[in-house]
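In the numbering used here, the protein residues as written are 3 to 296. Note that beta-carbon positions come from the ideal geometry of N, C-alpha and C, so glycine has one too. The next block holds one structure in the form of structure tokens; read it before the comments.
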């Protein structure tokens with residue numbers, strides 16, 4: 003801007019000199035005046051700088067870094083360069099080509115998609131300027147590599163199944179805490195980490211499918227074994243119950259009781275058969291039952 007201002011001033015002076023020497027006409031004079039005024043206005047802008055409400059700025063003059071400028075109007079030297087930093091939250095999307103490839107504690111390959119929401123701490127703007135040089139460089143040189151490193155380290159402490167299913171929320175929370183702790187001392191505020199998606203590689207997915215099929219087969223075999231054991235136990239209990247009942251009956255029956263029961267049975271049968279030979283006598287001698295005489 004300073005060079006452009008000097009250029010317009012030079013053009014205006016030349017045109018006015020030409021008019022003074024009566025080389026040009028009044029339009030030349032008017033053009034010289036306008037060029038001079040424009041050059042002065044442009045020159046004045048090189049002495050002021052406006053910092054927007056959502057920005058902070060760092061001035062540098064002849065290699066010397068000044069203090070952070072807060073939002074508002076600031077006066078400066080034409081030789082002062084001003085670097086602005088936005089204080090609005092920014093999103094670092096680690097998806098697509100930037101997806102983080104991680105390995106689980108078992109060596110399985112996973113792909114993690116996440117978003118890191120971050121912003122700069124205005125009180126550390128000068129330090130960030132010295133470390134990176136610009137807001138874009140802060141993300142590329144600090145937020146991006148540190149986030150990827152932490153994501154890999156966290157997943158390396160978990161199994162593949164924990165990584166993409168059972169412990170996903172815990173892993174996301176752990177990544178958030180570690181990234182926040184890593185970047186806070188540098189003046190970078192982490193407003194949240196969203197672990198959006200975790201998917202296994204093709205090779206790992208195949209191994210997972212095989213393990214699931216094997217687990218299902220094992221479960222079916224174990225269920226069959228449990229069923230067979232239950233049936234065998236049931237038959238054993240039934241056999242023991244039958245044997246116990248038979249033993250109780252055998253111990254409770256005597257010859258007299260058997261003879262009495264036999265006679266009673268054949269008395270009932272003799273009502274339909276007038277004379278009936280019953281083998282219920284002592285020593286196997288038949289007993290003649292006369293149904294007509296009662």
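| message | Applying the 10 Å Cβ sphere with the 16-neighbour rule, what's the burial state of residue 228? | response | Taking the chain shown and counting its residues from 1, one reaches residue 228 at position 226. Burial call: exposed.
| message | Whether or not the stretch 58-65 and the stretch 93-106 are in contact is what I'm after, with contact meaning three or more pairs of Cβ atoms, one per stretch, closer than 8 Å; do they touch? | response | The stretch 93-106 is not in contact with the stretch 58-65.
| query | What is the DSSP secondary structure of residue 92, reduced to helix, strand or coil? | reply | Within the chain shown, the letter at position 90 stands for residue 92. Strand.
| In or out: residue 202 buried (at least 16 other Cβ within 10 Å) or exposed? | For the purposes of this step, residue 202 is taken as residue 200 along the chain shown, with counting starting at 1. With a threshold of 16 other beta carbon atoms within 10 Å, residue 202 meets it and is buried.
| request: Round the Cβ separation of residue 191 and residue 123 to the nearest angstrom and send it over; I've been treating them as touching at under 8 Å. | output: Counted from its first residue, the chain shown places residue 191 at position 189. Counted from its first residue, the chain shown places residue 123 at position 121. Here residue 191 really is in contact with residue 123; their C-beta atoms are around 5 Å apart, less than 8 Å.
| Using the C-alpha atoms, what's the distance from residue 239 back to residue 173? | Your numbering for residue 173 matches position 171 in the chain shown. Your numbering for residue 239 matches position 237 in the chain shown. A straight line joining the alpha-carbon of residue 173 with that of residue 239 spans about 52 Å.
| request: Please work out which residues of its chain come closer than 7 Å, Cβ to Cβ, to residue 266, disregarding the five sequence neighbours upstream and downstream, and give them in chain order. | output: Counted from its first residue, the chain shown places residue 266 at position 264. None.
| query | So, helix, strand or coil for residue 221, using DSSP? | reply | To locate residue 221, count along the chain shown from 1; it is residue 219. Of the three classes helix, strand and coil, the one that applies to residue 221 here is helix, per DSSP.
| query | In three-state DSSP terms, what is residue 75? | reply | Within the chain shown, residue 75 is the residue found at index 73, counting from 1. DSSP, read as helix, strand or coil, puts residue 75 in strand.
| query | Who are residue 121's beta bridge partners in DSSP? | reply | Here residue 121 corresponds to residue number 119 of the chain shown, with the count starting at 1. DSSP lists 191 as partners of residue 121.
| field | Local conformation of residue 56 per DSSP, three classes | value | Start at 1 with the first residue of the chain shown, and residue 56 comes out as number 54. Note: residue 56 maps to coil in three-state DSSP.
| field | 6 Å Cβ shell around residue 25 - same chain, five flanking residues per side excluded | value | Here residue 25 is taken as the residue at index 23 of the chain shown, counted from 1. For residue 25, the predicted structure reports a pLDDT of 49, less than 50, and the residue's modelled location is therefore unreliable. A value from the coordinates is still provided. Within the same chain, residue 25 has no close Cβ partners at all.
| task | Answer yes or no: do residue 108 and residue 189 have a C-beta to C-beta separation smaller than 7 Å? | result | As a first step, residue 108 must be located in the chain shown, where it is residue number 106. As a first step, residue 189 must be located in the chain shown, where it is residue number 187. Their beta carbons are not under 7 Å apart, which means residue 108 does not touch residue 189 by this criterion.
| field | Option nearest residue 175 by Cα separation, candidates 187, 152, 84, 89 | value | Here residue 175 refers to the residue found at position 173 when the chain shown is read from its first residue. Taking only the C-alpha atoms, the option nearest residue 175 is 152.
| query | Of all the options 84, 73, 112, which has the alpha carbon lying nearest to the alpha carbon of residue 49? | reply | Mapped onto the chain shown, residue 49 falls at position 47. For residue 49, the nearest C-alpha among the options comes from 84.
| Which of the three DSSP states, helix, strand or coil, is assigned to residue 87? | Walking along the chain shown from the start, residue 87 turns up at place 85. Strand at residue 87.
| field | Cβ shell of residue 90 (< 7 Å), same chain only, five flanking positions each side left out | value | Position 88 of the chain shown, counted from the start, is the residue given in the question as residue 90. 56, 121.
| query | What did DSSP end up calling residue 80 once you bin it into helix, strand or coil? | reply | Locating residue 80 in the chain shown gives position 78, where the first residue counts as 1. Under the three-state reduction of DSSP, residue 80 is assigned to coil, being neither helix nor strand.
| request: Starting from residue 105, trace the beta strand (DSSP E) both ways and give me its first and last residue. | output: Locating residue 105 in the chain shown gives position 103, where the first residue counts as 1. Where residue 105 is concerned, the enclosing beta strand (DSSP E) stretches over 102-105.
| message | Suppose contacts are defined by Cβ-Cβ distances below 7 Å. Is residue 193 in contact with residue 132 by that definition? | response | As a position in the chain shown, residue 193 is number 191, starting the count at 1. As a position in the chain shown, residue 132 is number 130, starting the count at 1. No, these two residues do not count as a Cβ contact at 7 Å.
| request: Please state whether DSSP places residue 113 in a helix, a strand or coil. | output: Looking up residue 113 in the chain shown gives position 111. Three-state result, residue 113: strand.
| So the alpha helix (DSSP H) residue 178 belongs to, where does it begin and stop? | As a first step, residue 178 must be located in the chain shown, where it is residue number 176. Note, residue 178: alpha helix (DSSP H), 170-185.
| field | Own chain partners of residue 82 with C-beta closer than 6 Å, once the 5 adjacent residues on each side are dropped | value | Against the chain shown, residue 82 aligns to sequence position 80. Same-chain partners within the cutoff: 61, 63.
| said: Here's the rule: buried if 16 or more other CB atoms are within 10 angstroms of the residue's CB, otherwise exposed. What is residue 244? | reply: Mapped onto the chain shown, residue 244 falls at position 242. The residue in question, residue 244, is exposed, as its Cβ has fewer than 16 Cβ neighbours within 10 Å.
| field | Buried/exposed call for residue 87, threshold 16 Cβ in 10 Å | value | Counting from 1 along the chain shown, the entry for residue 87 is found at position 85. Label assigned to residue 87: buried.
| said: Given a cut-off of 7 Å on the beta-carbon distance, is the pair residue 95 and residue 117 in contact? | reply: On the chain shown, residue 95 is found 93 positions in, with the first residue counted as 1. On the chain shown, residue 117 is found 115 positions in, with the first residue counted as 1. Remark: C-beta atoms of residue 95 and residue 117 approach each other more closely than 7 Å.
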